[in-house]
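So for the sequence shown, numbering that gives the first Met the number 0 puts the first residue at 0; every next one is plus one. All remarks here apply to the structure that follows.
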Amino acid sequence: MKQMMADNALVRKLSACETMGSATTICTDKTGTLTMNQMQVSEFWLGKELTEHSVSMEIEPEFSLLLEEGIALNTAATVNKPHSTSTPAISGSPTEKAILSWAVLDLGLNIYETKQKCEIMNVETFNSEKKRSGVMMRKSNEKAIHTHWKGAAEMILAMCTTYYVKSGELIDINEEERMQFRAIIHSMAAKSLRCIAFAHKKVTEENRLISEKLEETGFTLLGLVGLKDPCRPGVRAAVESCKKAKVSVKMITGDNPHTARAIAIECGILNPQDDMDNKAVVEGVEFRNYSPEERIARIEDIRVMARSSPFDKLLMVQCLKEKGHVVAVTGDGTNDAPALKEADIGLSMGIQGTEKFIQFQLTVNVAALVINFVAAISSGKVPLTAVQLLWVNLIMDTMGALALATEQPTDELMTKSPAGRSEPLITKIMWRNLIAQALYQLVVLLILQFKGKSIFAVDEKVNSTLIFNTFVLCQVFNEFNARKLEKRNIFKGIHKNKLFLAIIGITIVLQVMMVELLKRFASTERLSWEQWGACIGIAAVSWPIGFAVKCIPVSGKEASKQRASGT
Ligand SMILES: Nc1ncnc2c1ncn2[C@@H]1O[C@H](COP(=O)(O)OP(=O)(O)OP(=O)(O)O)[C@@H](O)[C@H]1O
Ligand SMILES: [Ca+2]
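Structure below.
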């Protein structure tokens with residue numbers, strides 16, 4: 000659990016952990032999952048001209064002011080600069096943070112001053128549907144109304160009819176120029192940059208739209224920025240191991256198709272020769288407008304969906320599920336929320352723990368139940384009292400779960416194919432291990448129950464304690480067995496799992512206390528050194544049994560196909 004928390008994994012439904020090992024498709028978003036989410040402005044275009052840094056000097060002052068207003072007012076991020084000398088602390092979404100810090104540091108923008116001169120009349124906050132944010136405002140010294148938009152470059156471009164050049168000249172965008180701007184956006188995107196455009200429009204009070212809504216046509220393009228967000232190190236390898244495990248990885252992103260493709264190539268989701276007219280890359284709108292049959296037919300080939308809305312992501316997941324895939328979705332939880340909810344698995348984390356826990360649990364419970372049942376019908380007395388059973392359940396449930404679930408995932412995990420939806424919860428391997436251990440414990444307990452008094456020459460009460468103690472110690476030893484479902488070396492990597500060792504230690508200490516100190520409460524008798532030795536000896540036999548039983552092959556070499564488990 001600690002590990003899960005450290006990984007920031009939120010488990011909404013525990014069954015999701017179980018399903019995780021059986022995922023056949025992973026739909027991942029781009030920003031923050033595949034990339035570092037540390038964006039930085041790396042290109043700035045004024046008109047059709049790529050500008051150098053320290054550009055602010057050369058821009059015509061009035062145009063420069065518009066740019067500053069567009070950036071300063073139209074953002075949800077904030078700049079905190081307590082002292083004029085300190086470097087500003089900027090908070091907000093990574094995209095906005097990048098734009099603001101670039102504006103403050105490179106353009107020399109003074110956010111606070113700029114904001115003070117304007118009165119904001121209306122805002123449209125950024126959402127993933129429209130992929131833009133806008134603001135409508137009035138300056139304190141004039142009557143005109145200004146509207147600023149910033150957002151996905153090609154979408155903002157479509158709203159523009161003119162553009163500014165550095166000298167402050169206003170130029171009409173004709174068809175040819177529009178193509179050139181598209182080419183600029185394309186070239187930035189091909190370098191895996193996220194492209195954001197800024198646009199502005201000024202209307203006089205009389206000409207303004209009657210409604211309070213922000214204008215959407217006839218804008219002037221102020222500039223384009225390209226934001227670099229490097230891939231996380233290790234993503235390529237992770238995608239590779241998913242491929243090896245026959246889990247297909249799809250990227251669903253809100254970003255531009257060219258940016259998406261470039262990042263997908265960097266991560267190994269796409270091959271460099273997969274180009275735009277390949278079936279591997281689609282845009283959200285395209286996918287949305289397919290007929291259901293078409294969607295089903297094409298979904299396997301699609302590896303990147305770009306410019307997708309939250310609804311497109313959802314549609315993708317539904318479609319995959321319809322085809323029988325077990326779908327895992329990773330996302331930042333806001334625009335991905337509908338898809339996350341629909342997915343079989345909402346958020347990924349280390350695949351481990353549950354099965355071993357199930358096997359362990361069943362062994363304990365089967366043995367405990369049967370011994371009590373058999374004893375009750377044969378002699379009318381139950382060897383394990385209610386308190387003892389409760390204790391067994393307590394340590395086994397909570398501590399066993401904790402200890403086993405915190406095992407590190409093994410690398411071999413990823414070499415296995417996913418199990419899919421139909422694979423049973425308890426695999427043949429688990430049955431094999433489980434039956435062997437439960438049988439052994441049963442035989443021992445039954446012998447103790449019926450012959451214990453004569454073997455050890457003790458009375459009824461001491462014999463019950465022996466049974467209880469042996470039973471608990473069997474579980475302690477078996478907890479080691481359950482660490483590995485297939486591997487014979489159950490101690491591998493054990494020194495790294497401090498929590499496991501600590502829990503084993505605590506269990507043993509508590510058990511000693513139960514037997515030696517809490518005799519009234521637990522209805523136990525104190526045991527001699529020899530009796531303790533006998534209990535431990537009997538319990539320790541579950542190790543060689545565990546070892547031996549793993550040599551029994553499970554039918555049809557299905558073992559390699561077993562669901563992902565920490566073998
Ligand atoms: N704060 C913002 N203001 C204006 N436009 C933005 C802002 N943030 C992102 N955009 C634009 O919207 C697009 C991203 O939209 P969306 O939020 O749907 O995707 P995302 O979740 O960021 O993408 P991913 O799937 O990669 O995580 C970007 O490509 C960019 O053009
Ligand atoms: Ca996202």
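Here a beta-carbon is modelled for each residue, glycine too, at the ideal position from N, C-alpha and C.
For residue i and residue j, what's the separation of their Cα atoms in angstroms?
i	j	result
residue 353	residue 541	At residue 353, the pLDDT of 47 sits below 50, so the modelled position is not reliable; the number obtained from the coordinates is stated separately. So the two alpha carbons sit approximately 21 Å from each other.
residue 259	residue 22	23 Å
residue 302	residue 543	48 Å
residue 555	residue 431	A caution first: residue 555 carries a pLDDT of 45, below 50, which makes its placement in the model unreliable, though a value can still be read off. Taking the straight line from one Cα to the other gives about 14 Å.
residue 471	residue 511	11 Å
residue 291	residue 318	8 Å
residue 323	residue 505	45 Å
residue 95	residue 105	15 Å
residue 217	residue 24	44 Å
residue 462	residue 548	29 Å
residue 337	residue 344	12 Å
residue 534	residue 486	26 Å
residue 316	residue 309	11 Å
residue 38	residue 295	35 Å
residue 182	residue 282	18 Å
residue 459	residue 452	7 Å
residue 51	residue 326	45 Å
residue 531	residue 392	21 Å
residue 30	residue 155	21 Å
residue 477	residue 244	30 Å
residue 63	residue 194	20 Å
residue 328	residue 340	9 Å
Per DSSP, residue i forms a beta bridge with which residues?
i	result
residue 133	123, 148
residue 170	162
residue 26	249, 328
residue 34	230
residue 193	226
residue 220	162, 198
residue 118	137
residue 45	48
residue 303	250, 280
From this set, the options, which residue's C-alpha is nearest residue i's C-alpha?
i	options	result
residue 440	338, 171, 537, 314	537
residue 569	543, 482, 388	The displayed coordinates of the chain run from 0 to 566. Any statement about residue 569 would go beyond what the structure contains.
residue 66	98, 90, 35	98
residue 137	516, 266, 69, 273	69
residue 197	257, 491, 131, 249	131
residue 249	233, 266, 236	266
residue 125	103, 338, 392, 91	91
residue 213	158, 134, 230	134
residue 71	103, 41, 492	103
residue 491	450, 479, 501	479
residue 73	494, 36, 539, 146	146
residue 211	156, 238, 123, 140	123
residue 321	57, 298, 328, 329	298
residue 127	50, 307, 113	307
residue 572	545, 328, 235	Since the first and last residues shown for the chain are 0 and 566, residue 572 lies out of range.
residue 121	109, 144, 152, 391	144
residue 232	300, 32, 118, 278	32
residue 305	184, 230, 285	285
residue 251	36, 335, 241	335
residue 221	437, 436, 162, 493	162
Put residue i into one of helix, strand or coil per three-state DSSP.
i	result
residue 260	helix
residue 254	coil
residue 347	Caution is warranted here: a pLDDT of 35 is assigned to residue 347, below 50, making its placement in the model unreliable, and no coordinate value can be reported.
residue 175	helix
residue 39	strand
residue 277	coil
residue 158	coil
residue 550	coil
residue 202	strand
residue 282	strand
residue 90	strand
residue 483	coil
residue 77	strand
residue 111	helix
residue 419	Low confidence applies here, because residue 419 scores a pLDDT of 49, under 50, leaving its location unreliable and the question unanswered by this model.
residue 215	coil
residue 464	helix
Taking Cβ positions only, does residue i come closer than 8 Å to chain C?
i	result
residue 25	This model lacks chain C altogether, as it is built from one protein chain only.
Q | contact_flag[the segment 160 to 172, the segment 39 to 48] where n(CB pairs < 8 Å) is 3 or more | A | yes
Q.
Does the structure place the segment 180 to 194 close enough to the segment 220 to 231 that three or more beta carbon pairs sit under 8 Å?
A. yes
Q: Examine the Cβ distances between the segment 517 to 533 and the segment 495 to 504 and report whether three or more of them are shorter than 8 Å.
A: no
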